[in-house]
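Take a look at the structure set out below.
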Amino acid sequence: MAVASRLDTSPVATWWWTIDRWFLAAFLSLMGLGIVLSFAASPAVALRIGLDPFHFATRQIVFTVLALGAMLAVSFLDARQIRRMAILMLVVMLVLMVAVLYIGIEVKGARRWVSLAGMSIQPSEFLKPAFVVICAWLFSEQKRQPDIPGNVLAMILLGLVLALLVAQPDLGQTMLVTGTWGVMFFMAGLSWLWIVVLGAAGVGGIFAAYSVFPHVALRIDKFLTGEGDTFQVDMGKEALINGGWFGLGPGEGTIKRVIPDSHADFVFAVAGEEYGLIMCFFIMAIFAFIVLRGLNTALKEHDDFTRYAIGGLVTVFGLQSMINMCVNLQLMPAKGMTLPFISYGGSSQIAIAISMGMVLALTRRKPERRKQVGFTDFVRRTLPAE
Numbered sequence: 001m002a003v004a005s006r007l008d009t010s011p012v013a014t015w016w017w018t019i020d021r022w023f024l025a026a027f028l029s030l031m032g033l034g035i036v037l038s039f040a041a042s043p044a045v046a047l048r049i050g051l052d053p054f055h056f057a058t059r060q061i062v063f064t065v066l067a068l069g070a071m072l073a074v075s076f077l078d079a080r081q082i083r084r085m086a087i088l089m090l091v092v093m094l095v096l097m098v099a100v101l102y103i104g105i106e107v108k109g110a111r112r113w114v115s116l117a118g119m120s121i122q123p124s125e126f127l128k129p130a131f132v133v134i135c136a137w138l139f140s141e142q143k144r145q146p147d148i149p150g151n152v153l154a155m156i157l158l159g160l161v162l163a164l165l166v167a168q169p170d171l172g173q174t175m176l177v178t179g180t181w182g183v184m185f186f187m188a189g190l191s192w193l194w195i196v197v198l199g200a201a202g203v204g205g206i207f208a209a210y211s212v213f214p215h216v217a218l219r220i221d222k223f224l225t226g227e228g229d230t231f232q233v234d235m236g237k238e239a240l241i242n243g244g245w246f247g248l249g250p251g252e253g254t255i256k257r258v259i260p261d262s263h264a265d266f267v268f269a270v271a272g273e274e275y276g277l278i279m280c281f282f283i284m285a286i287f288a289f290i291v292l293r294g295l296n297t298a299l300k301e302h303d304d305f306t307r308y309a310i311g312g313l314v315t316v317f318g319l320q321s322m323i324n325m326c327v328n329l330q331l332m333p334a335k336g337m338t339l340p341f342i343s344y345g346g347s348s349q350i351a352i353a354i355s356m357g358m359v360l361a362l363t364r365r366k367p368e369r370r371k372q373v374g375f376t377d378f379v380r381r382t383l384p385a386e
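Just so we're aligned, residue 1 is where the sequence shown starts under full-length UniProt numbering, counting upward by one.
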């Protein structure tokens, strides 16, 4: 494959020379690990429910190819096109979030999926990147023009999104969205008063969820006391212990045969049992690299919108991965949260790919703008001084 010349000004060549290749390599690495671990974790699940052994692995490859295409396509956009895309996504997903409450597929007492043209879609997954980008735009507009109530509009949007998530209910995504929004608001320069108010509201929300939703109270009680049905998290922790530093070897794991979600929520535990803690640390290092590089890049940005958007997108990416891994390590109550790019799931894969495509687009190197020199300055610089 020929490498594009720097003199080539075609869109593909320009993209290649301006893209952050470290980000691109990290995302591709996670996608590749997702396929490898799908072959390790999913055959046992497929056989247990009477499917072809490679049913989920094959679908994971298809989802990964679609996700890669979506990520690369989005990475060609500029900041203005990203905002327009986010507005369209936000409107469509808000409509679907309302629709899912009435016509959604109910699973374990929650309605989070809607079937469209024979495909199951989880609107909340696609809502997250759109929500982050629009909030970044509102925060930046408030800073650029103080008479525009961008912060207030961002609060209203947050309230609307949280109301729809709680109605499903999906408290894991609620916490994820709230935490990301708080980080972005902090980046936008909120006062200490707002930090106290939002912190108190967050603590109050946790107590309210514990009081109102029995399944939330049950999960927290099981986590704190260790009593009740803690089968999956116990097995996940045992898998990591069994694997040791170097693992039992590819295909030699046993925990995946008994954990129902070994290919999805507990794929990290399968990686630990078969490939060892070394593999787990490697996966954690990739996620940490993406988040730290994203935040470092955001801090260097001069444009407020770009800074808030990059910071928010890598924050939601990092928080989601942290929640998944903490559940596998029994450091948090059980919560159905996928490990980005690695866990099985079509909606999650493609939505995360769109998010990271936005990161690639917003972090592309921009040509430095030279200051325009007026006629008077030109004359002053040209003529000799008296």
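Using N, Cα and C, we set each Cβ at its ideal position, and we do this for glycine too.
inquiry  = At 3 residues or longer, what runs of the beta strand (DSSP E) sit wholly inside the segment 77-112?
reply    = 105-107
ask   = So, helix, strand or coil for M332, using DSSP?
value = By one-based count along the sequence shown, residue 332 stands at place 332. M332: coil per DSSP, three-state reduction.
task = Provide the residue span of the beta strand (DSSP E) that contains S120, from first to last.
result = Sequence index remark: in the sequence shown, residue 120 carries index 120 (1-based). Segment 119-121, the beta strand (DSSP E) holding S120.
key: Residue nearest to T306 in terms of C-alpha spacing, selected from D261, S355, A136, I342   = Translated into positions along the sequence shown, residue 306 becomes position 306. Comparing Cα positions, the closest option is A136.
request  = Over the uninterrupted alpha helix (DSSP H) stretch that includes Y275, give me the two end residues.
outcome  = Here the question's residue 275 lines up with position 275 in the sequence shown. It spans 267-300 - the alpha helix (DSSP H) in which Y275 sits, taken as one unbroken run.
ask   = In the structure shown, what three-state DSSP assignment does L138 receive?
value = In the sequence shown, the residue the question calls residue 138 occupies position 138. Helix, per DSSP.
request  = Report yes if the C-beta distance between S75 and I19 is below 9 Å; otherwise report no.
outcome  = In the sequence shown, the residue the question calls residue 75 occupies position 75. In the sequence shown, the residue the question calls residue 19 occupies position 19. Taking 9 Å as the Cβ cut-off, S75 and I19 qualify as a contacting pair.
task = Output yes or no for whether 9 Å exceeds the beta carbon distance between S262 and A44.
result = In the sequence shown, residue 262 corresponds to position 262, counting from 1. In the sequence shown, residue 44 corresponds to position 44, counting from 1. Cβ atoms of S262 and A44: closer than 9 Å.
task = Just mark K366 as buried or exposed, buried being the case when its beta carbon has 16 or more other beta carbons within 10 Å.
result = Working through the sequence shown from its first residue, we reach residue 366 at position 366. Flag for K366 reads exposed.
ask   = In whole angstroms, what is the alpha-carbon distance linking F287 and A130?
value = On the sequence shown, residue 287 is found 287 positions in, with the first residue counted as 1. On the sequence shown, residue 130 is found 130 positions in, with the first residue counted as 1. Computed Cα separation, rounded: 21 Å.
task = Please classify A163: is it buried, with 16 or more other beta-carbons within 10 angstroms of its beta-carbon, or exposed?
result = Walking along the sequence shown from the start, residue 163 turns up at place 163. The residue is exposed, with fewer than 16 neighbouring Cβ atoms inside 10 Å.
ask   = By DSSP, does R381 sit in helix, in strand, or in coil?
value = Walking along the sequence shown from the start, residue 381 turns up at place 381. Its pLDDT being 46, under 50, R381 is placed unreliably by the model, and the measurement read from it follows with that caveat. R381 falls in the helix class under three-state DSSP.
task = Ignore the nearest five residues each way along the sequence and tell me which others in L77's own chain have a CB closer than 6 Å to its CB.
result = Indexing the sequence shown from 1 puts residue 77 at position 77. Result list for L77: A361, in chain order.
request  = Buried or exposed for G294, please, with buried defined as at least 16 other CB atoms from any protein chain shown within 10 angstroms of its CB.
outcome  = Mapped onto the sequence shown, residue 294 falls at position 294. G294 should be labelled buried.
query = With contact counted as at least three CB pairs below 8 Å, one residue from each stretch, are the segment 83-92 and the segment 48-59 in contact?
reply = no
key: Close Cβ partners of S120 (< 6 Å) along its chain, the five nearest in sequence each way excluded   = The residue you call residue 120 lines up with position 120 of the sequence shown. Excluding positions up to five away in sequence, the list reads W113.
query = Thinking C-alpha only, which one of Y308, A309, C326, V166 is nearest V100?
reply = Here residue 100 refers to the residue found at position 100 when the sequence shown is read from its first residue. Cα-wise, what sits closest to V100 is V166.
task = Give the DSSP-derived three-state secondary structure of G249 in the structure shown.
result = Indexing the sequence shown from 1 puts residue 249 at position 249. DSSP, reduced to helix, strand and coil, places G249 outside both helices and strands of the structure shown, so it counts as coil.
key: First and last residue of the uninterrupted alpha helix (DSSP H) at T58   = The residue given as residue 58 occupies position 58 in the sequence shown. 55-75 is the extent of the alpha helix (DSSP H) around T58.
message = Suppose only complete runs of 4+ residues qualify. What are the alpha helix (DSSP H) ranges in the segment 330-364, listed by chain order?
response = Counting whole runs of 4 or more residues, the segment 330-364 contains the alpha helix (DSSP H) stretches 346-362.
message = Can you list, in chain order, the residues of its chain with a C-beta nearer than 7 Å to that of A239? Leave out the 5 residues immediately preceding and following it.
response = The count along the sequence shown starts at 1 and reaches residue 239 at position 239. Within its own chain, the residues whose Cβ lies closer than 7 Å to the Cβ of A239, once the five positions on either side in sequence are excluded, are G253, I255, A269, V270, G272, E273, listed in chain order.
key: Extent of the continuous alpha helix (DSSP H) to which S38 belongs   = Here residue 38 refers to the residue found at position 38 of the sequence shown. Unbroken alpha helix (DSSP H) run through S38: 21-48.
task = Using the DSSP secondary-structure output, state which residues sit across from L116 in a beta bridge.
result = On the sequence shown, residue 116 is found 116 positions in, with the first residue counted as 1. Looking at the DSSP assignment, L116 forms a beta bridge with M119.
W181 classed as buried or exposed, judged by whether at least 16 other C-beta atoms fall within 10 angstroms = Residue mapping note: residue 181 aligns to position 181 of the sequence shown, counting from 1. When all chains shown are included, W181 counts as buried.
ask   = Is it right to say Y344 is buried, meaning 16 or more other beta carbons lie within 10 angstroms of its own, or is it exposed?
value = As a position in the sequence shown, residue 344 is number 344, starting the count at 1. Buried, since its Cβ has 16 or more Cβ neighbours within 10 Å.
message = For a quick check, are the C-beta atoms of G104 and Q349 less than 9 Å apart?
response = As a first step, residue 104 is located in the sequence shown; it is residue number 104 there, counting from the start. As a first step, residue 349 is located in the sequence shown; it is residue number 349 there, counting from the start. Contact: no.
query = Beta-carbon separation of A334 and E125 under 9 Å?
reply = Taking the first residue of the sequence shown as position 1, residue 334 is located at position 334. Taking the first residue of the sequence shown as position 1, residue 125 is located at position 125. It is not a contact, given that the beta carbons lie outside the stated cut-off.
message = Here's a check: name, in chain order, each residue in its chain whose Cβ is nearer than 6 Å to the Cβ of E141, leaving out the five neighbours to either side.
response = In the sequence shown, counting from the first residue as 1, residue 141 sits at position 141. I148, G150, listed in sequence order.
ask   = Who are the near neighbours of W15 in its chain, counting only those whose CB is closer than 8 Å to its CB and skipping five residues on each side?
value = Your numbering for residue 15 matches position 15 in the sequence shown. The residues are S75, F76, R364.
message = Less than 9 Å between the beta carbons of A70 and G357, yes or no?
response = The residue given as residue 70 occupies position 70 in the sequence shown. The residue given as residue 357 occupies position 357 in the sequence shown. Between A70 and G357, the C-beta spacing is below 9 Å.
request  = Find the nearest neighbour of V177 within the set A264, I323, P250, judged by alpha-carbon distance.
outcome  = The sequence position of residue 177 within the sequence shown is 177, counting from 1. It is I323 whose Cα lies nearest to the Cα of V177.
Own chain, CB closer than 6 Å to Y275, minus 5 neighbours either side, in chain order = Working through the sequence shown from its first residue, we reach residue 275 at position 275. The residues are G247.
message = Just to confirm my understanding: we take residue 399, look at its own chain, exclude 5 residues before and 5 after, and list those with CB closer than 6 Å. What are they?
response = The shown model of the chain, from 1 to 386, leaves out residue 399, and the question about it has no answer.
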